[in-house]
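Since the structure comes first, as structure tokens, the remarks are kept for the end.
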């Protein structure tokens, strides 16, 4: 393939032009609103034509780049359709009065201004922050202790590891309903002093969500800690042992410093996943619970976290544009957390 | 050469995968209802068929039978798609609208009409509108909703227990009469085998629709004429409530709280509530005639009669809420004429036979000759004949309000709010819901 032949050039051009024409034609058909059934086929043939044209394009300089683009195309296409386009569409809708069916007018920043005047939304933000803090500490603590237990030389470790990990394999919704039953029917029977289920009042329901979440997630984080603990070299531990370090000293002076990167990863994993908490929240309490006085209001969404608040705003309250604006704020918060995470893990890697 | 062959192979594999992607996405867009609506296969059967989106999974089989009958009688095809369970029809409709895949007839609740402004066909002038009082009329859009069933909600009672206790349900039209009756029944609990007088459940997470929509509906409509919109208008005017009426209502709910089963009241479930009623543990239950299937199919049900008593929280309240909770509407850009012909046919005898006798619905049409198999039917028809029904105006409240009010009911039931606090809290949460 040293010299571009004339026929090859011609073929490539025909493919490119033909593909473009088909593509534009099918898009035009779509915009004109015809019901022609063949326009999907036109679109696909058009795209294939363009790709073939690009592949056979007789250029040496850009050949590599073109091939890369062609082979990345399926991924780029899927990424654009499922992530990039919805992101920008969502941003666009958040400035309108979209109700899930269509929008009538642009409202500017009204949706964004409105959410900060809504006490129930502010409550959801604060509650989510509180939930994140509790979970970051509790999940990591429990998971680390379980990991220590599961790396000790006890019998039947495989069984214990598997059973601690098992809750993570059950879907959050199912898990929520199972625990709802436990809280309403089992816990109330064990502690006969309890008149109603833990889920009936806000404070105890919040604790219930934390319990279920830790139960679900600690097993997963435990696995990461086990991997971390197993990477601590045996000779270092042996040396410490010979030097007369006891178990506590080995733990705090050797093991924990050696698995610092694992701790960072686990902290951020629990942080982001706790932020996005939705399924257990939905199935366990559906956001119910009352708060007697918050910013002068009686709130009825005592255990409703951010993701559930957004979902309810859009789907239940039928305010899709408003929900979209809240979702965008949620996106910004999560993006900041993720960027922070990447920064910190990168700097840690340099240190090591 | 080998390399070239490989390259061509790779490109064709890529092209094939692309074509497969394109093919499957195209396929799912014109049949996107297939996954979620179990009638989708038939939808693809013919382009001529009109498509009906049903929101009641329990009558899916009967509607398919209805479609078969229509085809037999007229030769026209109707395909029924059912949305139900945890997906609700209005969400699915939004997806269908975005995908340009709208059914010709679809189900809506009254307060969703405004969302579809301009997209619903005006059905005024159709013959069936003369045979019913329950069509959905919008001042701007005309007659837009076809009523396919009447549902009623009030305090469902177990006739056998009331008879044994010597309480006449027809006399329960004032708070004093209720108080006396409830005390009588409560005193005979052991003899009657009752756990509690009321099977009333204010659990908010899963039963919020019951307290927040249906029980709250009694505040809005009890005692009012079918088309009286006094309190819903007040509510939709920025979330105002009538304090005096709410106070009386609160007293009545307080009585229900007091005489309800404590195991059910705060953290019960719908299943326990209905099963308890079927097993004869409760004299009254705060549901509607949709529980009939669950009650009559319960092994412990012994065939006693059922009926409805009004929530008489003020003197002289003698109506129950009855009417269509949802309607069939015709999509104005779909096959309007075929859909109108179908709806006309549904209002006539051969279709009503299936809907009433097989699906167990109560007909909203005056000229319907069939009597529903529903054990509540006699009581409901009695109220309908006497003109003692109130509207389902609770469906016109702002979307999602039930999630706010149900929590106030739950706190009242739990005892963290007293009667006065219930009224003031209700006023505050509703107003803040409407204004934030």
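Protein chains in written order, with the working numbering: chain G, 65 to 416; chain V, 2 to 437.
Note that CB positions come from ideal geometry on N, CA and C, so glycine has one too.
Cutting at 6 Å between CB atoms, please list the residues of its own chain near residue i, excluding the five before and the five after it.
i: residue 343 of chain G; result: 236, 237
i: residue 412 of chain V; result: 418
i: residue 154 of chain V; result: 215, 289, 322
i: residue 407 of chain G; result: none
i: residue 361 of chain G; result: 183
i: residue 322 of chain G; result: 296
Count the other CB atoms within 10 Å of the CB of residue i; is the residue buried (16 or more) or exposed (fewer)?
i: residue 169 of chain V; result: exposed
i: residue 42 of chain V; result: Low per-residue confidence applies at residue 42 of chain V: pLDDT is 40, beneath 50, and the placement is therefore not dependable enough to give any value.
i: residue 430 of chain V; result: buried
i: residue 147 of chain G; result: exposed
i: residue 427 of chain V; result: buried
i: residue 73 of chain V; result: exposed
i: residue 141 of chain V; result: exposed
i: residue 169 of chain G; result: exposed
i: residue 156 of chain V; result: buried
i: residue 306 of chain G; result: exposed
i: residue 164 of chain G; result: buried
i: residue 338 of chain V; result: exposed
i: residue 279 of chain V; result: buried
i: residue 140 of chain G; result: exposed
i: residue 359 of chain G; result: exposed
i: residue 372 of chain G; result: buried
For the alpha helix (DSSP H) containing residue i, list its first residue and its last residue.
i: residue 1 of chain V; result: Residue 1 of chain V lies beyond the stretch modelled for chain V, which goes from 2 to 437, so this question has no answer here.
i: residue 184 of chain V; result: 176-188
i: residue 98 of chain V; result: 90-99
i: residue 157 of chain V; result: Here residue 157 of chain V belongs to no alpha helix (DSSP H); instead the beta strand (DSSP E) covers 156-159.
i: residue 430 of chain V; result: 420-436
i: residue 265 of chain G; result: From DSSP, residue 265 of chain G is part of no alpha helix (DSSP H); its letter is neither H nor E.
Output the boundary residues of the beta strand (DSSP E) element that contains residue i.
i: residue 324 of chain V; result: 321-324
i: residue 404 of chain V; result: Not the beta strand (DSSP E): residue 404 of chain V falls in the alpha helix (DSSP H), residues 402-415.
i: residue 139 of chain V; result: 137-139
i: residue 143 of chain V; result: 143-148
i: residue 106 of chain V; result: 106-109
i: residue 308 of chain V; result: 307-310
i: residue 172 of chain G; result: No beta strand (DSSP E) contains residue 172 of chain G, which DSSP labels as neither H nor E.
i: residue 201 of chain G; result: Where residue 201 of chain G is concerned, there is no enclosing beta strand (DSSP E), although the alpha helix (DSSP H) it sits in stretches over 183-215.
i: residue 375 of chain G; result: No beta strand (DSSP E) contains residue 375 of chain G, which is instead part of the alpha helix (DSSP H) from 370-375.
i: residue 54 of chain V; result: 51-55
i: residue 329 of chain V; result: 328-331
i: residue 363 of chain G; result: 361-363
i: residue 283 of chain V; result: 283-286
Whose C-beta lies closer than 7 Å to the C-beta of residue i among residues of the same chain, with five residues either side of it excluded?
i: residue 348 of chain V; result: 129, 132, 366
i: residue 357 of chain G; result: none
i: residue 89 of chain G; result: 106
i: residue 165 of chain V; result: 193
Within a Cβ cutoff of 8 Å, which residues of the same chain sit near residue i, ignoring the five residues on either side of it in sequence?
i: residue 171 of chain G; result: 159, 160, 161, 385
i: residue 5 of chain V; result: none
i: residue 151 of chain G; result: 395
i: residue 200 of chain G; result: 331, 334, 335, 338
At a threshold of 7 Å, does residue i count as lining the ligand ZN (C-beta to nearest heavy atom)?
i: residue 386 of chain V; result: The model depicted lacks the ligand ZN and carries no ligand whatsoever.
Anything in the stretch 358-371 of chain G with a Cβ closer than 7 Å to a Cβ of chain V? List those residues in chain order, please.
-> Cβ contacts with chain V come from 361, 362, 364.
Three or more C-beta pairs closer than 8 Å, one from the stretch 145-163 of chain G and one from the stretch 388-396 of chain G: is that the case here?
-> By the C-beta criterion, the stretch 145-163 of chain G is judged to be in contact with the stretch 388-396 of chain G, since at least 3 inter-stretch pairs fall below 8 Å.
Mind listing which residues of the stretch 186-197 of chain V have their C-beta closer than 9 Å to chain G's C-betas, in chain order?
-> Residues of the stretch 186-197 of chain V whose Cβ lies closer than 9 Å to any Cβ of chain G: none.
Does the pairing of the stretch 72-84 of chain G with the stretch 106-122 of chain G give three or more beta-carbon distances under 8 Å?
-> Enough Cβ pairs lie closer than 8 Å, so yes.
Touch check for the stretch 272-279 of chain V and the stretch 289-307 of chain V: three-plus C-beta pairs under 8 Å?
-> Of all C-beta pairs linking the stretch 272-279 of chain V to the stretch 289-307 of chain V, three or more are shorter than 8 Å, placing the two stretches in contact.
What residues in the stretch 375-391 of chain G have a beta carbon less than 9 Å from any beta carbon of chain V?
-> The stretch 375-391 of chain G vs chain V, Cβ under 9 Å: 376, 377, 379, 380, 381, 382, 383, 384.
Can you give me, in chain order, the residues of the stretch 156-171 of chain G that have a beta carbon less than 7 Å from any beta carbon in chain V?
-> Those residues of the stretch 156-171 of chain G that come within reach of chain V (Cβ to Cβ, closer than 7 Å) are 163, 164, 165.
Looking at C-beta atoms only, is the number of pairs between the stretch 281-288 of chain G and the stretch 329-340 of chain G that lie closer than 8 Å three or more?
-> Output reads yes: the stretch 329-340 of chain G touches the stretch 281-288 of chain G.
Under 8 Å (Cβ pairs) to chain G, residues found in the stretch 343-372 of chain V | Hits within the stretch: zero.
Cβ contact check for the stretch 102-110 of chain V and the stretch 328-335 of chain V: 3 or more pairs under 8 Å | Short answer: they touch.
Quick one: any contact between the stretch 235-247 of chain V and the stretch 158-178 of chain V, if contact means 3 or more CB pairs under 8 Å?
-> The stretch 235-247 of chain V makes no contact with the stretch 158-178 of chain V, as fewer than three CB pairs between them are under 8 Å.
contact_flag[the stretch 198-216 of chain V, the stretch 253-261 of chain V] where n(CB pairs < 8 Å) is 3 or more | Enough Cβ pairs lie closer than 8 Å, so yes.
With 9 Å as the limit, tell me which residues of the stretch 172-183 of chain G have their beta carbon closer than that to any beta carbon of chain V; keep them in chain order.
-> Only those residues of the stretch 172-183 of chain G whose C-beta falls short of 9 Å from the nearest C-beta of chain V are listed: 178, 181, 182, 183.
Would you check if there are 3 or more beta carbon pairs closer than 8 Å linking the stretch 80-94 of chain V to the stretch 373-383 of chain V?
-> Output reads no: the stretch 373-383 of chain V does not touch the stretch 80-94 of chain V.
Meets three-Cβ-pair contact criterion under 8 Å: the stretch 266-280 of chain G and the stretch 367-379 of chain G | The stretch 266-280 of chain G, when compared against the stretch 367-379 of chain G, does touch it at the 8 Å Cβ threshold.
Taking Cβ-Cβ distances below 8 Å as the criterion, which residues of the stretch 411-427 of chain V are in contact with chain G?
-> Contact annotation: in the stretch 411-427 of chain V, residues whose CB is within less than 8 Å of a CB in chain G are 411, 412, 415, 417, 426.
Are there three or more Cβ pairs, one per stretch, closer than 8 Å when the stretch 383-400 of chain V is compared with the stretch 216-226 of chain V?
-> Yes, since at least three Cβ pairs between the stretch 383-400 of chain V and the stretch 216-226 of chain V fall closer than 8 Å, the two stretches touch.
Just checking, does the stretch 301-316 of chain G make contact with the stretch 349-363 of chain G on the three C-beta pairs under 8 Å criterion?
-> Segments in contact, no.
Taking any Cβ of chain V, which residues in the stretch 93-104 of chain G have a Cβ under 7 Å from it, in chain order?
-> From the stretch 93-104 of chain G, only 104 have a Cβ closer than 7 Å to chain V.
For the stretch 202-216 of chain V, enumerate the residues whose C-beta is nearer than 9 Å to any C-beta of chain G, in chain order.
-> Interface annotation for the stretch 202-216 of chain V against chain G: 204, 205, 206, 207, 209, criterion Cβ-Cβ distance under 9 Å.
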